[in-house]
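Notes to accompany the following structure.
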Amino acid sequence: MKVLGLSCYFHDAAAALVVDGQVVAAAEEERFTRVKHDNRFPGESIRFCLEQARISAHDLDGVAFYEKPLTKFHRMARTARTYPPARMDDFTDRLVRLRHEGLEIERRFRDAFVYDGPFWFVEHHASHAASAFFCSPFEHAAVVTIDGVGELATTTIARGAGHRLETLCEIHYPHSLGLFYGALTAFLGFEVNSDEYKVMGLASYGQPAFMNAMDQLLVVKDDGSFELNVDYFAFHTDDRVMYSPKFRELFGEPHPRGATAGRREMDIAASAQRKLEQAVVALLAETHRRTGEPNLCLAGGVALNGVANWRGFQQSPFTDLFVQPAAGDSGGAIGAALSACHEKQASRQVSTLPFSPYLGPAFEDNDIVRALEAHGLAYTRMDDEALVDAVAERVAGDQIVGWFQGRMEVGPRALGGRSILANPATAGMKDTINACVKFREEFRPFAPAVLEERAEEFFALDGHATPYMLLVADAKPGAAERIPAVVHVDNTARVQTVSAANNQRFHALLAALDRITGTPVVLNTSFNVKGEPIVCTPTDAIRCFLNTDLDVLALDNYLVDKVL
Amino acid sequence: MELLVTPPHTDTDDRQAATVPSRDIAAALESARRSGIAPAGWIERRERTSPLETRYVSR
Numbered sequence: 394m395k396v397l398g399l400s401c402y403f404h405d406a407a408a409a410l411v412v413d414g415q416v417v418a419a420a421e422e423e424r425f426t427r428v429k430h431d432n433r434f435p436g437e438s439i440r441f442c443l444e445q446a447r448i449s450a451h452d453l454d455g456v457a458f459y460e461k462p463l464t465k466f467h468r469m470a471r472t473a474r475t476y477p478p479a480r481m482d483d484f485t486d487r488l489v490r491l492r493h494e495g496l497e498i499e500r501r502f503r504d505a506f507v508y509d510g511p512f513w514f515v516e517h518h519a520s521h522a523a524s525a526f527f528c529s530p531f532e533h534a535a536v537v538t539i540d541g542v543g544e545l546a547t548t549t550i551a552r553g554a555g556h557r558l559e560t561l562c563e564i565h566y567p568h569s570l571g572l573f574y575g576a577l578t579a580f581l582g583f584e585v586n587s588d589e590y591k592v593m594g595l596a597s598y599g600q601p602a603f604m605n606a607m608d609q610l611l612v613v614k615d616d617g618s619f620e621l622n623v624d625y626f627a628f629h630t631d632d633r634v635m636y637s638p639k640f641r642e643l644f645g646e647p648h649p650r651g652a653t654a655g656r657r658e659m660d661i662a663a664s665a666q667r668k669l670e671q672a673v674v675a676l677l678a679e680t681h682r683r684t685g686e687p688n689l690c691l692a693g694g695v696a697l698n699g700v701a702n703w704r705g706f707q708q709s710p711f712t713d714l715f716v717q718p719a720a721g722d723s724g725g726a727i728g729a730a731l732s733a734c735h736e737k738q739a740s741r742q743v744s745t746l747p748f749s750p751y752l753g754p755a756f757e758d759n760d761i762v763r764a765l766e767a768h769g770l771a772y773t774r775m776d777d778e779a780l781v782d783a784v785a786e787r788v789a790g791d792q793i794v795g796w797f798q799g800r801m802e803v804g805p806r807a808l809g810g811r812s813i814l815a816n817p818a819t820a821g822m823k824d825t826i827n828a829c830v831k832f833r834e835e836f837r838p839f840a841p842a843v844l845e846e847r848a849e850e851f852f853a854l855d856g857h858a859t860p861y862m863l864l865v866a867d868a869k870p871g872a873a874e875r876i877p878a879v880v881h882v883d884n885t886a887r888v889q890t891v892s893a894a895n896n897q898r899f900h901a902l903l904a905a906l907d908r909i910t911g912t913p914v915v916l917n918t919s920f921n922v923k924g925e926p927i928v929c930t931p932t933d934a935i936r937c938f939l940n941t942d943l944d945v946l947a948l949d950n951y952l953v954d955k956v957l
Numbered sequence: 092m093e094l095l096v097t098p099p100h101t102d103t104d105d106r107q108a109a110t111v112p113s114r115d116i117a118a119a120l121e122s123a124r125r126s127g128i129a130p131a132g133w134i135e136r137r138e139r140t141s142p143l144e145t146r147y148v149s150r
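Residue numbers (our numbering), protein chains in the order written: chain A, 394 to 957; chain B, 92 to 150.
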């Protein structure tokens with residue numbers, strides 16, 4: 394059975410193709426259009442998914458959209474009735490947009506791809522839940538989804554067993570952990586639905602000095618639910634503002650976008666992060682109480698907060714954890730397709746292999762050579778082993794490498810498919826990459842990728858793998874001295890554990906680095922510059938290589954050294 | 092527990108017609124007019140899944 398999943402019209406549009414219950418292709422639209430967080434109809438992603446499977450839309454058994462647009466329409470209308478919109482023109486524009494986009498997604502797809510088969514609608518949070526549970530290695534599990542808002546729900550608790558996934562209970566808009574954190578993100582001068590991870594990074598520099606204020610914004614209850622005090626927010630009345638004048642009375646003037654964060658911003662970030670963690674801890678305790686399951690799956694945009702994930706999981710009775718790497722809305726396309734597929738097929742084969750996030754395009758040798766020659770670059774073709782050794786030597790020698798290998802990752806984290814790699818043992822490497830390659834804020838940390846079998850030597854993961862860089866764990870004593878460029882100011886790290894089963898070549902590179910330096914760790918950051926999507930094609934990678942201070946480019950088996 | 096008012100399931104009648112019928116839009120608006128904002132706290136799901144064929148959540 395072949396089902397195409399779609400997500401679009403809010404943020405991070407994407408398409409995914411599921412064949413007989415397995416995800417065979419998935420990619421965000423932004424990677425093709427080069428528009429960050431592109432939310433438009435994902436025509437390019439759809440074409441990629443169909444081409445990857447060598448099928449046409451005619452061969453599909455169904456298409457699944459990641460939300461129920463009429464319920465979203467209903468929610469917007471009923472919110473306006475309770476909280477009159479501050480700007481009626483903005484509100485009517487949004488309703489008209491929803492009328493012509495979300496409500497017409499079926500017609501749009503049928504017209505664009507000449508399709509006359511079934512078209513289905515999966516609830517937004519059911520899509521998130523399916524993206525986690527059906528990609529997990531668990532036969533049964535508790536599933537928690539947390540984001541800004543879908544149709545009505547902002548948080549759900551579900552239970553998955555076999556091919557069944559049932560939502561037990563939910564918390565509705567406007568009570569939302571995603572919107573709580575989003576309002577703080579906006580106040581701190583960052584972009585909502587994009588820069589929340591920057592708040593998480595900034596939080597490590599601060600003290601939770603604003604907890605009294607946070608307690609007024611968000612009340613966490615004994616039953617794991619929470620209540621947002623809407624008097625402090627404005628997102629429910631105004632599309633352009635997340636917080637109200639009362640919010641500003643608590644915290645003062647908002648931090649200007651692009652300005653350097655000071656003590657107050659660091660402390661607000663630390664307080665917001667602490668409050669979110671309190672809510673997640675309570676939510677996971679209630680989830681375990683309701684389900685009694687040993688396994689936990691997480692998805693939804695808030696599940697990209699690796700600090701809250703790890704703290705919540707550690708303080709819960711759950712014994713195992715799976716976080717969907719595309720936990721945000723792009724993963725909704727994966728979940729919608731999986732949800733429809735398992736409902737219609739009424740069966741599920743749990744994969745013995747770990748879920749692969751490498752679901753995007755790969756390129757042939759002739760594509761790579763053509764791109765290199767079009768840019769006049771001298772290159773060397775190497776076999777697998779020689780390439781890995783050459784890159785490891787360059788990383789060990791403090792060169793910064795653009796690493797473009799095989800299929801592109803889905804989700805916001807670079808996991809060794811489209812990564813920038815550097816030596817984590819060099820203390821100044823973080824500042825060098827921030828200033829000369831990524832052009833981003835100096836407070837932002839870099840993440841380590843480590844051989845899975847050696848992870849406990851550096852990070853306190855209690856034996857858990859974290860292959861998608863979605864857990865932030867404490868560094869073990871001595872780690873900060875050995876790999877200073879990837880241990881954050883609070884002695885934590887957003888770790889990626891790499892196994893041969895998940896990514897053989899990346900694993901081989903770490904092993905080669907270990908042979909040279911005695912440290913099986915590499916600094917791994919996304920292959921892009923600030924404000925741009927992660928590179929997709931060889932040409933994207935070459936442009937990034939030429940426009941930054943990257944020293945080396947490894948395009949599959951082709952190695953390019955920058956000649957100064 | 093919130094009593095959620097949802098529009099009637101008319102769009103299943105028009106499953107093959109890709110465009111959402113105007114009467115469904117009108118029903119959603121009328122339903123919104125009659126229902127308030129959600130209270131805080133857990134809302135138990137009476138129907139734990141929603142039919143794939145509909146554009147709205149069915150409870």
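All residues carry an ideal CB built from backbone N, CA and C; glycine is no exception.
Separation of residue j from residue i, as counted between CA atoms
i	j	result
Glu142/B	Arg468/A	Note on residue identity: the sequence assigns Pro, not Glu, to residue 142/B. Taking the straight line joining both Cα atoms gives about 19 Å.
Leu572/A	Thr464/A	19 Å
Tyr574/A	Asn586/A	10 Å
His900/A	Ala893/A	5 Å
Arg447/A	Leu491/A	32 Å
Met394/A	Leu916/A	40 Å
Asp452/A	Phe502/A	14 Å
Phe715/A	Glu736/A	22 Å
Ala522/A	Phe836/A	33 Å
Thr825/A	Phe797/A	21 Å
Gly617/A	Leu610/A	16 Å
Glu93/B	His404/A	With a pLDDT of 35 at Glu93/B, under the threshold of 50, the modelled position of this residue cannot be trusted, and the question is left open.
Ala692/A	Gly769/A	44 Å
Gly728/A	Gly398/A	7 Å
Ala596/A	Ile661/A	8 Å
Tyr402/A	Pro649/A	28 Å
CA nearest to the CA of residue i, picked from the options
i	options	result
Val891/A	Phe748/A, Pro687/A, Ile761/A, Asn586/A	Phe748/A
Gln707/A	Val674/A, Thr653/A, Val417/A	Val674/A
Ala853/A	Ala873/A, Pro805/A, His521/A	Ala873/A
Asp413/A	Leu488/A, Val743/A, Ala654/A, Asp631/A	Val743/A
Arg139/B	Ala519/A, Ala596/A, Glu421/A	Ala519/A
Met775/A	Asn950/A, Tyr459/A, Leu595/A	Asn950/A
Glu135/B	Thr472/A, Gln738/A, Ala739/A, Ala546/A	Ala546/A
Pro567/A	Glu584/A, Arg833/A, Phe619/A, Phe531/A	Phe619/A
Cys998/A	Phe514/A, Leu496/A, Leu491/A	Within the shown structure, residues of chain A are numbered from 394 to 957, placing residue 998/A beyond reach of any answer.
Ala828/A	Glu778/A, Arg811/A, Val922/A	Val922/A
Phe434/A	Asn896/A, Lys955/A, Gly495/A	Gly495/A
Residue i, DSSP secondary structure in three states
i	result
Ala535/A	strand
Gly414/A	coil
Ile876/A	coil
Lys465/A	helix
Tyr951/A	strand
Leu770/A	coil
Gly699/A	helix
Cys937/A	helix
Leu94/B	Note that Leu94/B has pLDDT 33, beneath the 50 cutoff, so the model's placement of it is unreliable and the number below is only indicative. In the structure shown, Leu94/B sits in coil (DSSP, three-state: anything other than H, G, I, E or B).
Ser520/A	helix
Glu499/A	helix
Asp104/B	In this prediction, Asp104/B has a pLDDT of 43, which is less than 50 and means its spatial position is unreliable; what the coordinates show is noted afterwards. Asp104/B: helix per DSSP, three-state reduction.
Per-residue contacts from residue i into chain B (C-beta, under 7 Å)
i	result
Cys562/A	Trp133, Ile134, Glu135, Arg136
Phe514/A	Leu143, Thr145, Arg146
Arg682/A	Near Arg682/A there are no residues of chain B at all, since even the closest Cβ is about 12 Å away, more than 7 Å.
Thr464/A	Tyr147, Val148
Under 9 Å by beta carbon: chain A residues contacting residue i
i	result
Ser122/B	His467, Ala470, Arg471
Within chain A, the residues that residue i reaches when beta carbons sit closer than 8 Å
i	result
Arg114/B	Near Arg114/B there are no residues of chain A at all, since even the closest Cβ is about 11 Å away, more than 8 Å.
Ala117/B	The contacting residues do not exist; Ala117/B stays about 11 Å from chain A at best.
Interface partners of residue i on chain B, CB under 8 Å
i	result
Pro567/A	Ile128, Ala129
Thr475/A	Gly127, Ile128
Leu496/A	Val111, Ile116, Arg146
Lys461/A	Ser141, Thr145, Arg146, Tyr147, Val148
Arg704/A	None at all; the shortest Cβ gap to chain B is about 22 Å.
Cβ-heavy atom distance, residue i to the ligand NAP, below 7 Å
i	result
Pro877/A	Ligands displayed in this structure: none; no statement on the ligand NAP is therefore possible.
For residue i: DSSP bridge partner residues
i	result
Tyr636/A	Phe626/A
Ile440/A	Looking at the sequence itself, residue 440/A is Arg, so the reference to Ile does not match. Arg440/A is not bridged to any residue.
Trp796/A	Ser812/A, Ala947/A
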